[in-house]
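Scroll down for the structure; my scribbles are underneath it.
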Amino acid sequence: MIPTPDLSHLTRRDYESVYEPAEDTFILLDALEQDADELRNMQPSISLEIGSGSGCVSSFIGTILGPSNTLYLATDINERAASCTARTGRQNNIPIEPIIANLVAPLRSRLRHAVDILVFNPPYVPTFESEAEDAQTTRNIQGAWAGGANGMQVTDLLLEQVDDLLSSQGRFYLVAVKQNDVPAIQERMRQRFNLRSDVVLQRRAGREHLLILRFQR
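Going by the numbering used here, the sequence shown runs without a break in its numbering and finishes at 352.
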């Protein structure tokens, strides 16, 4: 079993501004661990986490890959999250490069068809659209969960960029809940971008039915 990254350096004050790892985080870690051998065999050049929060997921990917030449990039709209991600990388000896950005806005052209591991645990909780828009504008912890209509407001924006980002061997891991209409997401990505997909893990966590989708060419 691959150990969960050490987060002992993060404080309660950090978690007032940054999403604390929870069941959605841990099912994503489990899905990545399930694919660990395949991810290592890819010898990925670039790993990109969108909405990195605490930095737990990118650090876990770095632990899976071990010593490598992989470039670990992580974006978040929340300045405190970028700081936490950098600190978590240092705590776990993973050289993560955090970037304060809305999704992949400043990186999209430079990373065209270059990302081997793409990971997104989006704000997926269905809310009023205005609530999601406010959360993205204020760039606080609310932006980690307020997903707008059907919980898909932010996810929809990224789905249109995935094909541009993924390398020929690239894999995209997405956290979703049942209310997001997972079959519709899969069909959309198949029809528009010819990306095949699998639900690699699903789990109940309280009232949430969590799923991890994996997309690849």
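For glycine and all other residues, C-beta sits at the position ideal for the given N, C-alpha and C. All of these numbers come straight from a predicted model, not from anything done at the bench.
Counted within 10 angstroms of its Cβ, other Cβ atoms place residue i as buried (16 or more) or exposed
| i | result |
| --- | --- |
| ARG215 | buried |
| GLY341 | exposed |
| SER303 | exposed |
Member of the options whose CA lies at the smallest distance from the CA of residue i
| i | options | result |
| --- | --- | --- |
| GLU184 | ARG327, GLN326, VAL335 and LEU293 | LEU293 |
| ARG243 | ASN213, ARG222, ASP299 and THR198 | ASP299 |
| ALA166 | PHE307, ALA236 and ARG327 | PHE307 |
| PRO156 | PRO257, VAL297 and GLN288 | PRO257 |
| GLN226 | THR139, MET287 and GLU158 | THR139 |
| GLN314 | MET324, GLU295, THR290 and ARG331 | THR290 |
| ARG147 | ILE235, CYS219 and PHE350 | CYS219 |
| ASP251 | ASN237, ILE235 and LEU206 | LEU206 |
Through-space distance from residue j to residue i, alpha-carbon basis
| i | j | result |
| --- | --- | --- |
| VAL254 | ILE320 | 16 Å |
| ILE162 | ILE231 | 21 Å |
| VAL310 | ARG245 | 25 Å |
| ASN329 | LEU174 | 21 Å |
| ALA171 | LEU164 | 10 Å |
| PRO179 | ILE196 | 11 Å |
| ARG222 | ILE199 | 19 Å |
| LEU301 | SER187 | 18 Å |
| ALA217 | ALA209 | 8 Å |
Coil, strand or helix - residue i by DSSP
| i | result |
| --- | --- |
| LEU246 | coil |
| ALA339 | Correcting the residue identity first, residue 339 is Arg in this sequence and not Ala. In the structure shown, ARG339 sits in a strand (DSSP, three-state: E or B). |
| ASP251 | strand |
| ASP333 | strand |
| ARG148 | helix |
| ARG352 | coil |
**Minimum length 4: unbroken alpha helix (DSSP H) runs contained in the region 278-324** = 288-294 and 297-300
**Prompt:** Hey, which unbroken runs of the alpha helix (DSSP H) at 4 residues or more fall wholly within the region 154-226?
**Reply:** 158-169, 171-177, 191-200 and 214-226
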